[in-house]
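If you read the sequence shown in the numbering used here, its first letter stands for residue 588, the second for the next number, and so on. Each residue gets a CB set at the ideal place from its N, CA and C atoms; glycine is no exception. Below is one structure, written out as structure tokens; comments come after it.
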Amino acid sequence: MFDTSLECLLVHCQGEIGKVVTGGAPEVPGATILDKMNHINRVDDALRRFVSFEPRAHAVQTVNLLLSPCRGDADAAFIVLQADRAHPMSGSNAICVVTALLETGRVKMAEPETLVRLDTAAGLVVARARCENGRCLSVSLDNVAAFVVALDAPVRTGRFGTFTAELIGETMVGPCRAVLPRITGQAWIYGREELRISPDDPFPAGFALSDTWGPEVGDL
């Protein structure tokens with residue numbers, strides 16, 4: 588799987604865990620990030636299982652694999668690894684990745700705003716990070732195309748008030764009309780960890796039990 592160890596930053600976005608693998612991961616074959624994601628899903632998912640399953644993880648977390656971009660107009664790339672499969676894009680996880688890139692110096696921070704371009708399996712995602720005193724205070728994502736379920740539908744929460752999404756434009760996905768949403772959030776780095784694998788480890792690919800992972804555990 589890999590020879591040494593994996594270095595991870597522990598990050599959460601408003602409470603949702605989105606770890607970021609920053610070092611030690613093997614090279615994933617593929618000419619594009621989409622190709623690399625498909626390789627993980629269709630050819631070799633050992634790395635995903637290693638970082639997503641117990642005893643090194645739990646059901647309600649995500650691990651983001653940080654990669655070099657495959658396109659020249661991007662600063663970094665990442666793939667979303669979860670217990671079921673690798674996914675092309677996630678808003679909260681992109682916010683975690685941008686925060687990790689800036690606060691560790693992997694992408695140079697400029698105040699008051701830094702533009703970070705992410706190469707993802709879903710396409711180029713542009714992030715605008717609000718920065719102050721070496722901290723990433725918030726990240727706004729110009730997200731990939733999405734389809735509308737309802738218009739002018741505010742989400743009301745008891746604790747945070749009313750949330751209204753912002754649309755920055757319209758586009759087409761094949762023959763279908765779609766919108767370009769913008770989302771904003773904040774992430775915090777709360778620790779670091781190093782994951783190792785021993786030759787005699789009985790669970791090199793981890794394991795999952797139905798009492799915590801649900802009745803569909805056999806399909807993971």
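What residue range is occupied by the uninterrupted alpha helix (DSSP H) comprising residue i?
i: residue 750; result: Element bounds for residue 750: not the alpha helix (DSSP H) but the beta strand (DSSP E), 748-750.
i: residue 684; result: 678-690
Tell me the rounded alpha-carbon separation between residue i and residue j.
i: residue 753; j: residue 659; result: 28 Å
i: residue 687; j: residue 598; result: 8 Å
i: residue 783; j: residue 718; result: 34 Å
i: residue 765; j: residue 755; result: 11 Å
i: residue 664; j: residue 644; result: 22 Å
i: residue 670; j: residue 739; result: 34 Å
i: residue 634; j: residue 710; result: 23 Å
i: residue 707; j: residue 685; result: 13 Å
i: residue 779; j: residue 605; result: 12 Å
i: residue 802; j: residue 790; result: 21 Å
i: residue 637; j: residue 593; result: 10 Å
i: residue 701; j: residue 657; result: 21 Å
i: residue 747; j: residue 763; result: 34 Å
i: residue 728; j: residue 716; result: 9 Å
i: residue 695; j: residue 619; result: 24 Å
i: residue 787; j: residue 745; result: 50 Å
i: residue 781; j: residue 737; result: 43 Å
With distance defined between alpha-carbon atoms, name the residue in the options nearest to residue i.
i: residue 674; options: 735, 624 and 774; result: 624
i: residue 722; options: 789, 697, 734 and 797; result: 697
i: residue 714; options: 693, 692, 672 and 769; result: 769
i: residue 651; options: 744, 610, 699 and 622; result: 610
i: residue 603; options: 745, 786 and 646; result: 646
i: residue 676; options: 648, 691, 621 and 699; result: 621
i: residue 628; options: 795, 662 and 672; result: 672
i: residue 691; options: 758, 596 and 793; result: 596
i: residue 793; options: 592, 630 and 639; result: 639
i: residue 678; options: 636, 733, 693 and 720; result: 733
i: residue 689; options: 712, 724 and 613; result: 724
i: residue 730; options: 737, 758 and 743; result: 758
i: residue 693; options: 728, 607, 630 and 795; result: 607
i: residue 795; options: 661, 641, 736 and 704; result: 641
i: residue 741; options: 630, 632 and 751; result: 751
i: residue 720; options: 736, 735, 728 and 699; result: 699
Taking 6 Å as the limit between beta carbons, can you name the residues of its chain near residue i, skipping five residues before and five after?
i: residue 682; result: 600, 726, 772 and 774
i: residue 680; result: 605, 649, 651 and 667
i: residue 777; result: 597
i: residue 760; result: 732
Please work out which residues of its chain come closer than 8 Å, Cβ to Cβ, to residue i, disregarding the five sequence neighbours upstream and downstream, and give them in chain order.
i: residue 626; result: 615, 616 and 617
i: residue 655; result: 663 and 664
i: residue 632; result: 672 and 673
Can you name the start and end residues of the beta strand (DSSP E) that residue i belongs to?
i: residue 623; result: It is not in any beta strand (DSSP E) - residue 623 instead sits in the alpha helix (DSSP H) that spans 620-629.
i: residue 704; result: 700-707
i: residue 742; result: 742-744
i: residue 636; result: Where residue 636 is concerned, there is no enclosing beta strand (DSSP E), although the alpha helix (DSSP H) it sits in stretches over 633-639.
i: residue 768; result: 763-772
i: residue 724; result: 722-729
i: residue 595; result: 592-600
i: residue 665; result: 663-668
Within its chain, find whatever has a CB closer than 7 Å to the CB of residue i; leave out the 5 residues flanking it on each side and keep chain order.
i: residue 743; result: 749
i: residue 661; result: 704, 705, 706 and 711
i: residue 735; result: 766
i: residue 612; result: 589, 593, 634 and 652
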